[in-house]
Amino acid sequence: MRYTFLILILSVLLVCVIGCAATGEKVTVKSGQSSETRVYEVFGMDCPGCHGGLEKLVEKIPAIQHSEANWQEKRLAVVVRPGTELNDEDIYDAVRRANFTPGERVK
Amino acid sequence: MSFGAVVEFALVSVSANAAGISVDAGLTAPEDRWIIRTQVRYMQLKDDPTLMDRKMTTYTFPTVLAYGLRPNLTVMLRQPVKDQEMSMAGSSSRNTGLGDLFALGKYKIYRRNTPQYTFGIASTVGLEFPTGADSFTSETWDLQPGLYTSWRSGPWATDFNIAYNWNGFADRGRNGVNPGDELSLDWALAYQFSFGEKARVSFAPVLELSYKNISPDRLRGHDVLNTGESVLYLSPGIKLTVSSFILESLLQIPIWQDQKGSQLERGMGGIVGTRFMF
Chain A
22 MRYTFLILIL
32 SVLLVCVIGC
42 AATGEKVTVK
52 SGQSSETRVY
62 EVFGMDCPGC
72 HGGLEKLVEK
82 IPAIQHSEAN
92 WQEKRLAVVV
102 RPGTELNDED
112 IYDAVRRANF
122 TPGERVK
Chain B
687 MSFGAVVEFA
697 LVSVSANAAG
707 ISVDAGLTAP
717 EDRWIIRTQV
727 RYMQLKDDPT
737 LMDRKMTTYT
747 FPTVLAYGLR
757 PNLTVMLRQP
767 VKDQEMSMAG
777 SSSRNTGLGD
787 LFALGKYKIY
797 RRNTPQYTFG
807 IASTVGLEFP
817 TGADSFTSET
827 WDLQPGLYTS
837 WRSGPWATDF
847 NIAYNWNGFA
857 DRGRNGVNPG
867 DELSLDWALA
877 YQFSFGEKAR
887 VSFAPVLELS
897 YKNISPDRLR
907 GHDVLNTGES
917 VLYLSPGIKL
927 TVSSFILESL
937 LQIPIWQDQK
947 GSQLERGMGG
957 IVGTRFMF
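As they're listed, the protein sequences go chains A and B. So that you can map any letter, position 66 of the first sequence is 87 in the working numbering, and since no number is skipped, the others follow by simple counting. So that you can map any letter, position 93 of the second sequence is 779 in the working numbering, and since no number is skipped, the others follow by simple counting.
1. What residues in its chain sit with their C-beta under 7 Å from that of residue 816 of chain B, if we drop five residues either side in the sequence?
2. Within 7 Å of any Cβ in chain A, is that where the Cβ of residue 799 of chain B sits?
3. If you measure beta-carbon to beta-carbon, which residues of the segment 833-863 of chain B are closer than 8 Å to chain A?
4. Distance check for residue 949 of chain B and residue 743 of chain B, CA to CA, integer angstroms please.
5. Output the residue ranges of the beta strand (DSSP E) runs that lie fully inside the segment 841-888 of chain B and measure 3 residues or longer, sorted by chain position.
6. Among the residues of its own chain, which have a CB less than 8 Å from the CB of residue 127 of chain A, if the five just before and after it don't count?
7. Can a CB atom of chain A be found closer than 7 Å to the CB of residue 814 of chain B?
8. Kindly indicate which residue of A:108, A:93, A:101 has the alpha-carbon position closest to the one of residue 887 of chain B.
9. Would you mind working out which of B:755, B:803, B:776, B:732 sits nearest residue 716 of chain B, comparing C-alpha positions?
10. Using alpha carbons as the reference points, say which of B:735, B:782, B:794 lies closest to residue 761 of chain B.
11. Compute the distance between the beta-carbons of residue 813 of chain B and residue 849 of chain B, then report whether it is under 7 Å.
12. Leaving out five residues on either side along the sequence, give the residues of the same chain with a beta carbon under 6 Å from the beta carbon of residue 965 of chain B.
13. State the DSSP-derived secondary structure class of residue 50 of chain A, mapped to helix, strand or coil.
14. Based on the DSSP secondary-structure assignment, which residues constitute the bridge partners of residue 766 of chain B?
15. Please state the DSSP three-state secondary structure of residue 829 of chain B.
16. Who are the near neighbours of residue 902 of chain B in its chain, counting only those whose CB is closer than 7 Å to its CB and skipping five residues on each side?
17. Against chain B, which members of the segment 67-80 of chain A pass a CB distance test of less than 8 Å?
18. Tell me the rounded alpha-carbon separation between residue 954 of chain B and residue 726 of chain B.
19. Closest to residue 840 of chain B by C-alpha separation, out of B:869, B:802, B:872, B:853, would be which residue?
20. If contact means a Cβ-Cβ distance below 7 Å, which residues of the segment 748-781 of chain B contact chain A?
21. Please list, in chain order, the residues of the segment 713-730 of chain B that have any C-beta partner in chain A closer than 8 Å.
22. Over the uninterrupted beta strand (DSSP E) stretch that includes residue 794 of chain B, give me the two end residues.
23. Distance cutoff 7 Å, beta carbons only. Does residue 885 of chain B sit that close to anything in chain A?
24. For residue 117 of chain A, I'd like the list of residues in its chain whose CB is within less than 8 Å of its CB, leaving aside the five on either flank, ordered along the chain.
25. Quick one: Cα of residue 706 of chain B to Cα of residue 959 of chain B, how far?
26. Which of the three DSSP states, helix, strand or coil, is assigned to residue 944 of chain B?
27. Given residue 897 of chain B, which residues of its chain have a CB within under 6 Å of its CB, disregarding the five upstream and five downstream residues?
28. Output, in chain order, the set of chain A residues within a Cβ distance shorter than 7 Å of residue 804 of chain B.
29. Quick one: list the residues of chain B neighbouring residue 117 of chain A, beta-carbon separation under 8 Å, in chain order.
30. Using a Cβ cut-off of 8 Å, pull out every chain A residue sitting near residue 963 of chain B, in sequence order please.
31. Pop quiz: residue 763 of chain B and residue 818 of chain B are said to be a contact at Cβ under 8 Å. What is the actual Cβ separation, rounded to whole angstroms?
32. Beta-carbon of residue 58 of chain A versus every beta-carbon of chain B: anything under 7 Å?
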């Protein structure tokens, strides 16, 4: 029984590791279109796992094509979807809902 | 036959980066964030003070599902599966089944994020339902209020939490027995080494210090014999984070304990677990 459970746990671990390894982070820009990139300060991220929650909320914003958070640099970079307008307040709201604090827009 | 109380360490996993492993003193999760946590926990009771040569080994497999309902409110469910073997005087018995279901809400009281540090305080209220198998249920509704604090600066993280398990909250006094309540104090310290261009991988050694006190059961105004205990654990561990996935392990070393009556002593325990966030 114990060995069955251990095998089950190890299987779950293996699936999760494969899943994480298969997850890619790509910034895709269609040829012929120019995308605007903005960078914001974000305070409160303190681990590799923090970026996921923030990116999930930010990428719900319709004008956002892609986002990438860097917890060590305390930065959030977003790619604005071509042909759309992005209100910085939408970004700040998403940051707060992730339990972080927005700083200045640096780019 | 008294083997002593089996203390359920609170496994309140609702933060991605809590410093602790046996407990989670992190703050509330981001809104709309799911966290799944699984563990294998090993615990042994031994060193029988009587001549009956009693021993008990327990494997617990808690599964936790947490969700960030709001930025300041996280909800969680925990369902353990248990496998327990007891032996005495050459004979043994074994039981496997579900433990009691536990639900918890965590509310963010205060959080301050600055370029130099993050500090926060959260309160919790938990409720344990008497839904487990006959061998593992407490048979009572248990209420667990708690308070968590968390401080992070650079690679350092430290958490402290206090929780009180009010056993038999809704069934107090049934059959004249008042089950003993549990007080837990837990402190965790971690240092994070990060790797990679975007620092999506980190490795953190962890050290925990945990104190548990279970008051004796009371019957008609008197302490029930062979109930109640205090134990202090020193627990080194490690935590590996790869993006949204965490692998963690902990070795629990009882450095001091006081078991009332003829209860068994606690031996070393261990935890291996995973967390997945999405």
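Built from N, CA and C at the ideal position, the CB exists for glycine as well.
With the structure as the only source:
1. 786, 823, 824, 825, 826, 827
2. yes
3. 838, 843
4. 14 Å
5. 842-851, 868-877, 879-881
6. 60, 61, 62, 96
7. no
8. A:93
9. B:755
10. B:794
11. no
12. This structure cannot settle anything about residue 965 of chain B, because the visible part of chain B is limited to 687 through 964.
13. Here residue 50 of chain A scores only 40 on pLDDT, less than 50, and its place in the model should not be relied on; the value that follows carries that caveat. Coil at residue 50 of chain A, not helix or strand.
14. B:748
15. strand
16. 866, 909, 910, 913, 914, 946
17. 67, 68, 69, 70, 71, 72, 73, 74, 75, 77, 78
18. 14 Å
19. B:802
20. 757, 769
21. 713, 714, 715, 716, 717, 718, 719, 724, 726
22. 788-799
23. yes
24. 123
25. 12 Å
26. strand
27. 871, 918
28. 65, 67
29. 757
30. 70, 73, 74
31. Wrong, their Cβ atoms sit about 14 Å apart, outside the cutoff.
32. no
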